[in-house]
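Just so we're on the same page, the working numbering is the position in the sequence shown counted from 1, plus 168. The next block holds one structure in the form of C-alpha cells; read it before the comments.
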Amino acid sequence: MSTLTLRAAPPERLDFLNINPAALSRLSQGEAERLEIGTTRTGVRLGDCFAVSLDGSDTLTLEGGHERLDRVGASLSAGTIRVTGDVGQRLGAGMAGGRVTVTGHAGPYAASGATGGTITIEGDAGDYAGGAVYAAKAGLDGATLIIRGTAGAHLGDRMRRGTIVAGRAGAFAGSRMIAGTLAALAVGDHPGLGMRRGTLLLGAHGRMASTFVETGTHDLVFLRLLGKALRGLSAEHADLLAKPLRRYSGDLATIAKGEIWVAA
169 MSTLTLRAAP PERLDFLNIN PAALSRLSQG EAERLEIGTT RTGVRLGDCF
219 AVSLDGSDTL TLEGGHERLD RVGASLSAGT IRVTGDVGQR LGAGMAGGRV
269 TVTGHAGPYA ASGATGGTIT IEGDAGDYAG GAVYAAKAGL DGATLIIRGT
319 AGAHLGDRMR RGTIVAGRAG AFAGSRMIAG TLAALAVGDH PGLGMRRGTL
369 LLGAHGRMAS TFVETGTHDL VFLRLLGKAL RGLSAEHADL LAKPLRRYSG
419 DLATIAKGEI WVAA
C-alpha cells in the first residue's frame, strides 16, 4: 500500500487529478515528490506537503485530509484510494472505475460525471454531489455514490445513470434528473424538480412541487429487485421498500417519466 502523509495544512488548493495508484507505480519516490499539485504560480509539489512512501501497489492511502485537496480520485480507473480525513471539491469527478473512500467530509460536486466505480463518503458532502458542473451535460453517469452523512442541495442534479445513496439531503434532490436511482432517508423541498426520468426513493421530504401527481400505492416486482440491489449498499435504505410506498409521477413540466417513491 502506497501512502501519502500530510505534513501540515496545504498553503493553497491542491489538484490531485493525476495522483492515483497507477500513475505513482511508474515513478520513483523522487519523481513522485516532484509532481506539481499546486493551483497557483507558487509551484507546490507533492513532496512539499506530503511524506511519500510508494510500494507499487494498486492501493493509495492519504493519511490526513484537508478541505483544500481537490479532485481526489478524479482520474481513477482501477485500484483504491482511501483518505483519512476531509477532501475538497470534485471528489472522484469523472472517475471510470475503482474505489474511493473518504472517512471525513467532501466538498461540492463529488462524483460529478463519474462513469464507473464506487465513491463512499463516511461524513457529509457539499452541494451538487453527483451533480453536473457548469455547462456539463450530466452529473453522475454510471458510478455508485454513497454518502453516509448529509448531502447539500441539488444532490444528483442532472444525473444520467448510476446509483446515489445518502442519509439526508437538502432541497432539490434529483433535480433535472435524466435517469438513474437516488435513495435518501430524508430530503428538503422540491425533490425531483425538472426530472425527466429516473427513480427517487425517499423516507421523507419537504414540499413537493405542484408538477408531480400522486398515483397511489403499488406492489411491483421492480421494487423488490431495487430492495435487493440497495441491500448491499445500505440496509437502512433497503428497509424503506418494506414499507407501504406512495408513488408520485413527474415532472409534468418535462416529459413526466420520472417517479418518486415515498415511505408512507
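We put the CB at the ideal spot given by N, CA and C, even for glycine.
**Study point:** Under the three-state DSSP convention, the category V389 falls into
**Key:** In the structure shown, V389 adopts helical secondary structure according to DSSP, grouped into three states.
Point to revise | L237, buried or exposed, once every other Cβ within 10 Å from all chains shown has been counted against 16 | key: Sixteen is the threshold: when 16 or more other Cβ atoms of the shown chains lie within 10 Å of the Cβ of L237, as they do, the residue is buried.
Exercise for review: Spatial neighbours of E201 within its chain, please: CB distance less than 7 Å, with the 5 preceding and 5 following residues excluded, ordered by chain position.
Suggested key: Within the same chain, R213, L214, G215 and V220 come within 7 Å of E201 by CB-CB distance, once the 5 residues on both sides are set aside.
Check your understanding: For D238, which three-state DSSP category applies?
Key -> Strand.
Point to revise | Exposure label - G324; buried when at least 16 CB within 10 Å | key: G324 comes out buried.
Review point. Can you name the start and end residues of the beta strand (DSSP E) that A334 belongs to?
Key: In the DSSP assignment, A334 falls within the beta strand (DSSP E) that extends over R329 to A337.
Review point. What number of angstroms, rounded off, separates the C-alpha of G418 from the C-alpha of L361?
Key: In this structure, the alpha-carbon of G418 lies about 8 Å from that of L361.
Practice item. Please report how far the alpha carbon of G266 lies from the alpha carbon of G256, in whole angstroms. Key: Approximately 19 Å between the Cα atoms of the pair.
**Study point:** Residue closest to L370, alpha-carbon to alpha-carbon, out of V389, K411, S378 and L401
**Key:** Shortest Cα-Cα distance from L370 to any of V389, K411, S378 and L401 involves K411.
Check your understanding: Nearest to A424 by alpha carbon, out of T367, A403 and L408?
Key -> Per the Cα distances, T367.
Exercise for review: Could you check how far apart the C-beta atoms of A337 and V355 are, in whole angstroms? I think they sit under 8 Å.
Suggested key: Correct: roughly 5 Å between the Cβ atoms.
Check your understanding: Looking only at C-alpha atoms, which of T171, G310, G320 and A334 sits nearest to G146?
Key -> With the chain covering 169 to 432 only, the question about residue 146 has no answer from this structure.
Practice item. Helix, strand or coil for E231, going by three-state DSSP, please let me know. Key: Looking at E231 - three-state DSSP - the assignment turns out to be strand.
Review point. Near A293, which residues of its chain fall below 6 Å by C-beta distance, leaving aside the five closest residues on each side in sequence?
Key: Cβ neighbours of A293 beyond the five flanking positions: A274, A278, I315 and A319.
Check your understanding: Hey, which unbroken runs of the beta strand (DSSP E) at 3 residues or more fall wholly within the segment 293-366?
Key -> Here the runs fully enclosed are 309-319, 329-337 and 349-354.
Review point. Is DSSP giving R202 helix, strand or coil here?
Key: R202: coil per DSSP, three-state reduction.
Review point. Quick one: what's R375 bridged to in DSSP?
Key: R375 pairs with nothing; no bridge assigned.
Point to revise | Same chain only: Cβ atoms within 8 Å of R392, ignoring 5 sequence neighbours per side | key: Once the five neighbours on either side are set aside, the close Cβ partners of R392 are L409.
Review point. Can you tell me whether D183 is buried or exposed, with buried defined as 16 or more other CB within 10 angstroms of its CB?
Key: D183 sits buried, since 16 or more C-beta atoms from the chains shown fall within 10 Å of its C-beta.
Exercise for review: Could you tell me the distance, in whole angstroms, from the CA atom of M263 to the CA atom of D226?
Suggested key: Spanning the two alpha carbons is a distance of roughly 15 Å.
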